[in-house]
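>
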């Protein structure tokens, strides 16, 4: 088995040598909109799940109103991995769906390239909290409308109006189950980021 | 092939083994360990180091560069616990760490283009 150079870790603890770089994109949206499906459609591994144990103490959560003291709760995060090259790995993280986990979003959003907000036209309002979250923090995002079988098709322009989106935010129709469709969404999002970075 | 979205958020932990017992109550690791911080085993574990089974399991899963999140998923421990154990391993030179791209700043154009090119090539 080959091991990386141990000298580096002894010396400094971190080294860039022979280590790829990791970046992440968040997949957000309402409950059941297909976030994990989207992650799974392009991930090279079955979506993985990691759990954070969280002590919810004085974080201003109204669900717990009237209940004093600490609560330990578990937040599950589903994610996938795409090895883009020997030096670059992209991780896709589905965001946890409940309002009381906003502080987990903060951790996830830190260092993220941005987000895909998945939208179900039958429950448009479910995507509002995600959109608000990214807008308020100026985190770049793209809106991807998951075209469920049997759901009425709208065009992207209608969705843009319904969601009251900035012109800057791209809106695409997609099928979250389909690898190439998810790829298109991610590529389009990256093109938007590149365009903005070049301004 | 549609996969139903698991009810991720509400699923209780199957066995609550007091996960922090194996960290001897430590809950804080160095802030270096983001979920996508990449780590790789630096060398085989040495018998005299007397690692806990969880440390060894982590090393086993880190033969190639993997993220903190992946290790947590593979060894089935909360990410917070894994961070503490990773910190132990790094402290004794058994693990190399690459922190996530400077988190405060937006990645540079070169990285953005590399991501886009990589996706197109999939």
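Chains as they are written, first to last, in this note's numbering: chain A, 1 to 199; chain B, 200 to 321. Think of the CB as a built atom: it goes at the ideal place given N, C-alpha and C, for glycine as much as any other residue.
1. Beta-carbon within less than 8 angstroms of residue 78(A)'s beta-carbon, same chain only, minus the 5 sequence neighbours each way: which residues are those?
2. Taking beta-carbon pairs under 7 angstroms, can you tell me which members of the stretch 128-160 of chain A lie near chain B?
3. Buried or exposed: where does residue 146(A) fall if 16 or more other Cβ atoms within 10 Å of its Cβ makes it buried?
4. CA-CA distance, residue 267(B) and residue 297(B)?
5. Determine the chain B residues that contact residue 88(A) at a beta-carbon separation under 9 angstroms, and present them in chain order.
6. Within this structure, are the beta carbons of residue 23(A) and residue 113(A) separated by less than 8 angstroms?
7. Within the continuous beta strand (DSSP E) that includes residue 23(A), where are the two ends?
8. Could you pull out every residue in the same chain whose Cβ sits closer than 6 angstroms to the Cβ of residue 239(B), ignoring the five residues on either side in sequence?
9. Determine contact between the stretch 277-293 of chain B and the stretch 305-321 of chain B, defined as no fewer than three beta-carbon pairs at a distance below 8 angstroms.
10. Would you identify the three-state DSSP class for residue 101(A), choosing helix, strand or coil?
11. Quick one: which chain A residues come within Cβ less than 8 angstroms of residue 256(B)?
12. Could you tell me whether any Cβ in chain B is nearer than 8 angstroms to the Cβ of residue 197(A)?
13. Just to confirm, are residue 104(A) and residue 141(A) a CB contact at a threshold of 8 angstroms?
14. For the beta strand (DSSP E) that contains residue 200(A), what are its first and last residues?
15. Kindly indicate which residue of 313(B), 312(B), 293(B) has the alpha-carbon position closest to the one of residue 247(B).
16. Return the CA-CA distance between residue 156(A) and residue 234(B), expressed in angstroms with no decimal places.
According to the structure shown:
1. 35, 36, 39, 47, 48, 49, 93, 94
2. none
3. buried
4. 10 angstroms
5. 310, 313, 314, 317
6. yes
7. 21-29
8. 261, 264, 295
9. no
10. helix
11. The contacting residues do not exist; residue 256(B) stays about 15 angstroms from chain A at best.
12. yes
13. no
14. Residue 200(A) falls outside the range modelled here, since chain A spans only 1 to 199, and no answer is possible.
15. 293(B)
16. 33 angstroms
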